[in-house]
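Report on the structure given below.
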Amino acid sequence: MMRSVFGGTFLVVEGVTDSRLYSKFADPVHVRIIIAHSKDNVRHSVVECQTKRRDGRVIGIADADLDRLLNRRCVPQVFLTDRNDMESTALCSGALQDVLAEYGDQEKIKAFENRHGKISDALAKAAGPVCILMYISYKKGMNLNFKDLDHSRFINPKTLENDIPRMVSEVYSQSMGQMYPKNAIADQVRAMQKSMENDLWQAVRGHDAVAVLAMALRESFGSYNASHIREGELGGAIRLAYGPSYFKESRLYRESGKWCEDHKIDLWHI
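With our numbering applied, the sequence shown corresponds to residues 657 to 926, in that order.
Structure follows, in structure tokens:
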């Protein structure tokens with residue numbers, strides 16, 4: 657039905673915030689963004705259009721999530737975010753420094769980094785174990801519940817150190833019938849994080865990183881205007897800061913742009 661009235665490119669994305677973000681970069685005349693409401697729906701929509709409708713002007717963008725860690729095959733014409741999701745991708749760009757310039761106290765930031773290292777690395781070290789635990793849960797079929805996780809119960813807002821055994825206990829407390837000892841799982845989380853020291857951000861969910869950063873801004877190195885900042889507000893600020901110049905540095909931009917150029921369809925306009 658939509659194809660009968662629009663001859664351009666359909667870009668299928670997961671959610672509303674994805675639509676808002678990519679609309680900043682997409683060609684406003686020749687591209688329509690469709691919200692699929694889930695990653696599986698993005699994949700299904702693109703495959704359906706490819707195989708049954710022979711429509712090559714439909715592409716998708718989805719969060720990488722654990723796909724790269726699990727070595728999952730990519731669906732043709734569905735491009736993945738550089739990192740776990742778009743928020744973690746943005747936090748690995750200059751958008752983080754822009755947000756810190758707005759909400760951080762520069763003297764406090766300097767003092768924090770002198771004691772604990774770069775904020776980007778500290779965020780990844782703090783948030784990464786949650787994603788690693790999700791990976792372990794998936795591989796072992798543990799079905800752990802991460803919904804509404806309270807990061808303040810296991811991450812020190814002053815140092816951003818993650819108490820991994822406490823994190824495992826917190827997740828176990830809201831999950832049913834776990835057969836694996838908590839200490840053994842905590843050891844596996846530590847070992848996997850150590851193996852990723854060359855690229856700490858490869859296993860970081862944006863949701864966790866934003867929650868940790870909001871906590872640190874409120875209690876450690878934030879300016880007066882960050883004393884009550886919440887995750888939703890901070891996530892919006894990060895997406896706003898993630899502008900065309902940062903997006904053009906991404907693998908997602910390069911790979912999707914090249915594919916569309918090779919197939920002579922429109923996509924980005926930046």
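Note that the Cβ used here is the ideal one computed from N, Cα and C, for glycine as well.
Inset, instruction - With DSSP as the reference, label GLY760 as helix, strand or coil. - result: strand
Inset, instruction - Would you check if there are 3 or more beta carbon pairs closer than 8 Å linking the region 853-865 to the region 830-840? - result: no
Inset, instruction - Within 10 angstroms of the Cβ of VAL672, are there 16 or more other Cβ atoms? Answer buried if so, exposed if not. - result: exposed
Inset, instruction - Could you tell me which of ASP754, GLU826, GLY891 sits nearest to ASN801, measuring between CA atoms? - result: GLU826
Legend entry - GLY664 (DSSP reduced to helix, strand or coil): coil
Legend entry - Same chain, Cβ closer than 8 Å to GLY760, five either side skipped, listed in chain order: LEU873, PHE877, GLY878, SER879, ALA882
Legend entry - Three-state secondary structure (DSSP) of ASN740: coil
Legend entry - As assigned by DSSP and simplified to three states, the class of PHE768: helix
Legend entry - Inter-residue spacing [alpha-carbon to alpha-carbon] between LYS695 and ALA718: 6 Å
Inset, instruction - Mind checking who ARG936 pairs with in its DSSP beta bridge? - result: An answer regarding residue 936 cannot be provided, because it is not within the stretch 657 to 926 covered by the chain.
Legend entry - Counted within 10 angstroms of its Cβ, other Cβ atoms place ILE926 as buried (16 or more) or exposed: exposed
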